[in-house]
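Residue numbers (my numbering), protein chains in the order written: chain A, 1 to 270; chain B, 1001 to 1275.
A virtual CB, placed ideally from N, CA and C, is assigned to each residue, including glycine.
Everything on this sheet refers to the single structure shown next.
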C-alpha cells in the first residue's frame, strides 16, 4: 500500500524513458542569500549523474534539497513524480549517503546493526524486523562485499569498508535512486577505485539511478553518464566529454585542468 | 533489614528506578546527553519550588516543569541559534535561581529541602512507588517500541532524517521521558546525584562491550547491583542512601574501566608480572 505512488510511477508507460528526477528553476536561499540559483535538469532512469563544482558551490545543498531536507524558495522538484512533501513518505525508495557520517567510532553497533538501521523506515514505526528485513540486510552486506564482517563493530572497519557499510545501508531499502555526497572523499586511491567499480556494478545489476556529488572531476569523468557542473548556478550539463572539454569549466573552477586534457582517464587522489 | 516496611519500599522502588535509569542511560551516553540530564535534574529544583509555592504536589510540578525545560533545551539547540550546552547553562541556572527565590518569598522553610537535593528513599510511600512504576513502565514501553529509531538517530541523525524517520518526534519524546524519569528518581538519589544514575551504568557497559545488546545488559546489571548494594551499605553504616549508591556506581565504573578490553590494562599488568 505504501509503495503505490512509486509503483504507479514505474508502471505508467512501459516504453518511454522515465524521468526519475526533475528539477526546474530551483532557487534556494540561506540567511537571505541565494546558495542555488536557477538550477534545472532532468534525470532519466538508470543514469549515472555526476554533480561537480568547487568547494562551497552548493552541491550538497542541492542533494539535500532534492531529498526534502532543505526548503526551497522557487521552482519545482519532482522525484519519482512526487513533490518533496509527497516524497516524505516514500523516502525508503531513495538511498542517501551523506558527505560525512559523523558517528562515534566507539558506538557499540556491528556492521549488521548499521545496515539494519537503513531498514528502519521500511519496517515502519512500532514494528520489529522480520525475516525479509534480515534477509535484505544480509543480501545488501554481501552485495558490497562485506560478507563475513557482519558482526564486526563498525568502528573497527577501515575507512573504505565503512563507506561500503554505509552504501549497504543505503541499498537495503527498496532503493531505486542513490544519492551519494562525496562518498569517496578521504579514501586512498585503491579504495576509491574499488568503491567506484562496486558502485557501477551495483548500478548495472539493480538498474539504479545514481546521483554522485564530488569535487573530484577525475573520478566522475571516468564513470558518469552525464555531468552537471554547478557553482551556485548551473553552468554545464551534458556527457562528460562535452562538459570537460568546455572552456566554461575552467571559469567555474578558476583554474586549469591540464590533467583533463586527455579523456580523463588519469586518476589522481583528491 | 527486610522486615521493616520502609526497607521493603526502598528496595522495590530502588529496583524499579535502577532498571529504568540503566536503560535510559544507554541513550544518554550514546547521544551525549549527560549534561542535558544534569540540567534537567537541577531544573527540577525550580519545579519543586513552584509546586511548594503553589500548593501543588512538588513532584507533579517538577515533572511538568522539567519536561518544559527539556523541550526548551531541545528546541533552542535544534534551531541552532544557541549551542546545546549554552542553552542548558542558561536554563538550568535560571530554573534553580527561580527555585531559591520562590522558596524564600513564600517562606516554606519548614520543608526539608535537603531531602529533595540529596534524596530520601527511606521516606518513600507505596503511592510514590506506584507513580515510579507507572512512569518507568511508560518510559520502557516507549524505548522498546522506538528502539530502532532511537538507535539510528543516536548513531547518525542526518541519515536518519533523510530516510524519513520521525526524528523530531523521537527526540522530543525521549527528552520528556528522560525528564519524567529524572523526577521520579529524585526521591532515590536527589536532584544533585540523579545524573549519576543516568550516566554511570551505561558508561560502565561501554567500557566492557562493543555491541549494544551487551552494553545494555551490563548497564542493567551495574545499575541494579549498585542500587541494591548501595541501599544495603547505607542501612548498615547509617549514611545517606543516594550518596552511597552513587559511590558504588563509581566503584563499578572504575572496575569496568580497569578490566575494559579497550584499554588492555589487565593484559599489560599480567605481562608485567609474567616477565
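N- and C-terminal bounds of the alpha helix (DSSP H) containing residue 191(A):
Here the alpha helix (DSSP H) through residue 191(A) covers 189-206.
Please determine if the region 1179-1192 of chain B and the region 1047-1065 of chain B are in contact, where contact requires at least 3 C-beta pairs separated by less than 8 Å.
With a cut-off of 8 Å, the region 1047-1065 of chain B and the region 1179-1192 of chain B count as touching, because enough Cβ pairs lie within range.
Taking residue 1044(B) as the reference, give the member of 1243(B), 1013(B) and 1095(B) with the closest Cα.
Ranking 1243(B), 1013(B) and 1095(B) by Cα distance to residue 1044(B) puts 1095(B) first.
Pull up the CB-CB distance for residue 120(A) and residue 1163(B), whole angstroms please, since I reckon it's below 8 Å.
The pair is a contact, with the Cβ atoms about 7 Å apart (cut-off 8 Å).
Anyone know if the C-beta pair for residue 1028(B) and residue 1199(B) falls short of 7 Å?
For residue 1028(B) and residue 1199(B), yes; Cβs fall inside 7 Å.
Which partner residues does residue 37(A) have in the DSSP bridge list?
DSSP, once it has assigned bridges, lists 233(A) as partnering residue 37(A).
Apart from the five residues on each side of it in sequence, which residues of its chain come closer than 7 Å, Cβ to Cβ, to residue 129(A)?
Cβ within range, chain order: 116, 119 and 123.
Partners in chain A for residue 1152(B), counting only beta-carbon separations shorter than 7 Å
Within chain A, the residues near residue 1152(B) are 117 and 120.
Can you list, in chain order, the residues of the region 235-254 of chain A whose Cβ is nearer than 9 Å to any Cβ on chain C?
The structure shown contains no chain C; the protein chains it does contain are A and B.
Quick check: residue 1074(B) and residue 1224(B), are their CB atoms within less than 7 Å of each other?
Cβ atoms of residue 1074(B) and residue 1224(B): not closer than 7 Å.
To the nearest angstrom, report how far apart residue 84(A) and residue 67(A) are at their CA atoms.
Rounded to whole angstroms, residue 84(A) to residue 67(A) spans 7 Å at the Cα level.
With 7 Å as the C-beta to C-beta threshold (strictly closer), list the residues of the region 1203-1218 of chain B near chain A in chain order.
The residues in question are 1206, 1209, 1210, 1211, 1212 and 1215.
Compare the beta carbon distance of residue 1256(B) and residue 1025(B) with 7 Å and say whether it is the shorter of the two.
For the 7 Å CB-CB criterion, residue 1256(B) and residue 1025(B) do not form a contact.
So who's on the other strand from residue 247(A), going by DSSP bridges?
Beta-bridge annotation (DSSP): residue 247(A) is not paired with any residue.
Residue 242(A) to residue 229(A), Cα distance in whole Å?
Within the model, the alpha-carbon separation for residue 242(A) versus residue 229(A) is close to 12 Å.
Along the chain, where does the beta strand (DSSP E) containing residue 25(A) start, and where does it finish?
Per DSSP, the continuous beta strand (DSSP E) segment holding residue 25(A) begins and ends at 19-30.
Cβ-based burial, residue 1100(B) [other Cβ within 10 Å; buried from 16]
That one is exposed.
Can you list, in chain order, the residues of its chain with a C-beta nearer than 7 Å to that of residue 186(A)? Leave out the 5 residues immediately preceding and following it.
Same-chain partners within the cutoff: 159.
Is DSSP giving residue 50(A) helix, strand or coil here?
Strand.
Please go through the same chain and pick out, in chain order, the residues whose beta-carbon is closer than 6 Å to the beta-carbon of residue 1177(B), but skip the five residues on each side of it.
Exclusion of the five residues before and after residue 1177(B) leaves 1139 and 1142 as the residues of its chain whose Cβ lies within less than 6 Å of its Cβ.
Closer than 7 Å, CB to CB, is residue 72(A) near chain B or not?
Contact of residue 72(A) with chain B is not assigned, every C-beta pair being separated by 7 Å or more.
Is the region 216-225 of chain A close to the region 54-73 of chain A, with three or more CB pairs under 8 Å?
Not touching, per the Cβ criterion.
Within 10 angstroms of the Cβ of residue 1259(B), are there 16 or more other Cβ atoms? Answer buried if so, exposed if not.
With fewer than 16 other Cβ atoms within 10 Å, it is exposed.
If we count the other Cβ atoms within 10 Å of its Cβ and call it buried at 16 or more, is residue 207(A) buried or exposed?
Exposed: under 16 other Cβ atoms inside 10 Å.
Quick one: Cα of residue 139(A) to Cα of residue 112(A), how far?
Residue 139(A) and residue 112(A): Cα-Cα distance of roughly 11 Å.
7 Å is my cut-off, CB to CB: does residue 1(A) come that close to chain B?
At residue 1(A), the pLDDT of 41 sits below 50, so the modelled position is not reliable and the matter cannot be decided from this model.
For residue 110(A): DSSP bridge partner residues:
Its beta-bridge partners are 153(A).
DSSP three-state label for residue 1187(B), please.
DSSP places residue 1187(B) within a helical segment (H, G or I) once states are collapsed to three.
Just how far apart, CA to CA, sit residue 80(A) and residue 1150(B)?
About 29 Å.
In whole angstroms, give me the CA-to-CA distance for residue 1179(B) and residue 1098(B).
Cα to Cα, residue 1179(B) sits roughly 18 Å from residue 1098(B).
Classify residue 1156(B) as buried or exposed, calling it buried when 16 or more other Cβ atoms lie within 10 Å of its own Cβ.
Around the beta-carbon of residue 1156(B), 16 or more other beta-carbon atoms lie within 10 Å, marking it buried.
Let me know if residue 1130(B) comes out buried or exposed under the rule of 16 or more other beta-carbons within 10 Å of its beta-carbon.
Its Cβ having fewer than 16 others within 10 Å, residue 1130(B) is exposed.
Inter-residue CB distance, residue 52(A) and residue 217(A) (contact presumed, cutoff 8 Å):
Indeed, because the Cβ distance is near 5 Å, the residues count as touching under 8 Å.
Assuming residue 1119(B) and residue 1011(B) form a contact by the criterion Cβ under 8 Å, report the distance between their Cβ atoms to the nearest whole angstrom.
Between residue 1011(B) and residue 1119(B) the Cβ distance is about 15 Å, and since that is not below 8 Å, they are no contact.
What do you reckon, are the CB atoms on residue 43(A) and residue 36(A) nearer than 7 Å?
Going by beta carbons, residue 43(A) and residue 36(A) fall outside the 7 Å limit.
Could you tell me which chain A residues have their CB closer than 7 Å to the CB of residue 1158(B), listed as they occur along the chain?
Here the neighbours are 98.
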